[in-house]
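Below is one structure, written out as structure tokens, with a few remarks after it.
In the working numbering, the protein residues as written are 104 to 227.
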């Protein structure tokens, strides 16, 4: 999450606990098994994901409203959706820890996710 540390604080909305401990960046940690982090941003320029961004750090089993999202990274498998309520068309998943992205991986482990309106974060 070094890239988050370099973001302008005025361009970053934080939902949940931040900064997280090292352990809660890893969903399988015994200290905080349910916490996961998702960073989603509005601007994708070339291979870079740029602000404004929102950072969610907390438990799973949540639908994040994310209209205008162009790129994201996550510490667990999440699905990005073209509908505003995490229903209907969902597009695969992204997971920075496994370096997986169904579209294409951008600089810093971000996944290119154009037309995203919501992000489904599953229960841990």
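For each residue, glycine too, the CB sits at the ideal point set by N, CA and C.
Next on the checklist: My output table needs one value for residue 171: the three-state DSSP class, helix, strand or coil.
Outcome noted: Strand at residue 171.
Next on the checklist: What does the alpha-carbon distance come out to for the pair residue 144 and residue 161?
Outcome noted: About 18 Å.
Item to check | Local Cβ density within 10 Å of residue 116, reported as buried at 16 or more and exposed below that | outcome: With fewer than 16 other Cβ atoms within 10 Å, it is exposed.
Checklist entry - Between 151, 212, 221, which lies nearest to residue 178 when the distance is taken from Cα to Cα? => result Checked all of 151, 212, 221; the closest Cα to residue 178 is 212.
Item to check | residue 215 versus residue 139 - alpha carbon distance | outcome: So the two alpha carbons sit approximately 19 Å from each other.
Next on the checklist: Tell me the DSSP secondary structure of residue 187 in three-state form.
Outcome noted: In the three-state reduction of the DSSP assignment, residue 187 falls in the coil class.
Checklist entry - For residue 206, which residues from the same chain have a beta carbon less than 7 Å from its beta carbon, with the 5 sequence-adjacent residues on both sides left out? => result The answer, listed in chain order, is 214, 215, 216.
Next on the checklist: For residue 226 and residue 180, what's the separation of their Cα atoms in angstroms?
Outcome noted: C-alpha separation (whole angstroms): 10 Å.
Checklist entry - What did DSSP end up calling residue 163 once you bin it into helix, strand or coil? => result Residue 163: coil per DSSP, three-state reduction.
Checklist entry - Just curious, the beta strand (DSSP E) that residue 217 is in, first and last residue? => result Taken as a continuous stretch (DSSP letters only), the beta strand (DSSP E) holding residue 217 covers 214-224.
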